[in-house]
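What follows is a set of notes on a single structure, which appears directly below.
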Amino acid sequence: MSLAIGYLNKYLELFMADHDAWRELAETYVSLQMYKQAAFCYEELILSQPTIPLYHIAYAEVLYTMGGLENLQTAKKYYASTIQLTGGKNTRALFGVCLCTSAINQLTKGRNKEEEGSELQRLAAEVLLNNYKQQAPSKAPLISSLLKNMKLS
Numbered sequence: 001m002s003l004a005i006g007y008l009n010k011y012l013e014l015f016m017a018d019h020d021a022w023r024e025l026a027e028t029y030v031s032l033q034m035y036k037q038a039a040f041c042y043e044e045l046i047l048s049q050p051t052i053p054l055y056h057i058a059y060a061e062v063l064y065t066m067g068g069l070e071n072l073q074t075a076k077k078y079y080a081s082t083i084q085l086t087g088g089k090n091t092r093a094l095f096g097v098c099l100c101t102s103a104i105n106q107l108t109k110g111r112n113k114e115e116e117g118s119e120l121q122r123l124a125a126e127v128l129l130n131n132y133k134q135q136a137p138s139k140a141p142l143i144s145s146l147l148k149n150m151k152l153s
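Counting from 1, one number per residue, gives the positions in the sequence shown under full-length UniProt numbering.
What follows is the structure, given as structure tokens:
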């Protein structure tokens, strides 16, 4: 794998605009648990193609995996941008907002109450539950229970 990383880095020195190479490098870094390097690759992808939700959610997931208050807050923003780019139709991003909110609340022990953040998580939880009620009614009670356990509904 380190050989592949070396070749991809050399290739990207010459062809910096190759989105597929950046994505391949990011995924390789993620598979090796080199999250800071993967985050850099996703940042490059977002800078060059800001309207592709896949890059926003992948970046958010890497930041969430890295943990820490600042990374979680940034991850939440990128989950929110994915929701905005997809018109609220991305379930992973909706869950991501809920997970980030829960993790941030645990880290700050409830001291860091943001009005905008609480409104965002409330809306994400509401949309998530409504989506499950419409598309998978048998799973709706599970989602409701999950959100209650996370103290989000």
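For each residue, glycine too, the CB sits at the ideal point set by N, CA and C.
From a predicted model like this one, the values you see are computed outputs, not experimental measurements.
Distance between beta carbons of residue j and residue i, contact taken as under 8 Å
| i | j | result |
| --- | --- | --- |
| L8 | L25 | 4 Å |
| H56 | L85 | 7 Å |
| A39 | Y59 | 6 Å |
| Q73 | I104 | 7 Å |
| G88 | V62 | Contact doesn't hold; Cβ gap of about 23 Å is too wide. |
| A125 | L142 | That belief does not hold up - the Cβ atoms of A125 and L142 are roughly 14 Å apart, past 8 Å. |
| L129 | S118 | Incorrect: roughly 16 Å between the Cβ atoms, too far for contact. |
Local conformation of residue i per DSSP, three classes
| i | result |
| --- | --- |
| K151 | coil |
| A136 | coil |
Alpha-carbon to alpha-carbon, residue j and residue i
| i | j | result |
| --- | --- | --- |
| N131 | F95 | 12 Å |
| K76 | E70 | 10 Å |
| Q121 | L146 | 14 Å |
| K148 | M1 | 42 Å |
| L107 | G68 | 8 Å |
| V97 | A80 | 7 Å |
| T28 | E13 | 17 Å |
| A4 | A17 | 18 Å |
Own chain partners of residue i with C-beta closer than 6 Å, once the 5 adjacent residues on each side are dropped
| i | result |
| --- | --- |
| S102 | M150 |
| residue 179 | Since the first residue shown for the chain is 1 and the last is 153, residue 179 is missing from the structure and cannot be characterised. |
| Y11 | A21 |
| Y78 | H56, Y59, A60 |
Own chain partners of residue i with C-beta closer than 7 Å, once the 5 adjacent residues on each side are dropped
| i | result |
| --- | --- |
| K133 | A140 |
| I46 | Y55, H56, Y59 |
| Q49 | H19, Y55 |
Own chain partners of residue i with C-beta closer than 8 Å, once the 5 adjacent residues on each side are dropped
| i | result |
| --- | --- |
| L123 | none |
| E43 | Y59 |
At 3 residues or longer, what runs of the beta strand (DSSP E) sit wholly inside the region 66-134?
Runs found: none.
Sequence ranges, beta strand (DSSP E) only - wholly within the UniProt domain "EMC2 TPR-like" (1-62), length at least 3:
Taking only runs of at least 3 residues, no beta strand (DSSP E) segment lies wholly in the UniProt domain "EMC2 TPR-like" (1-62).
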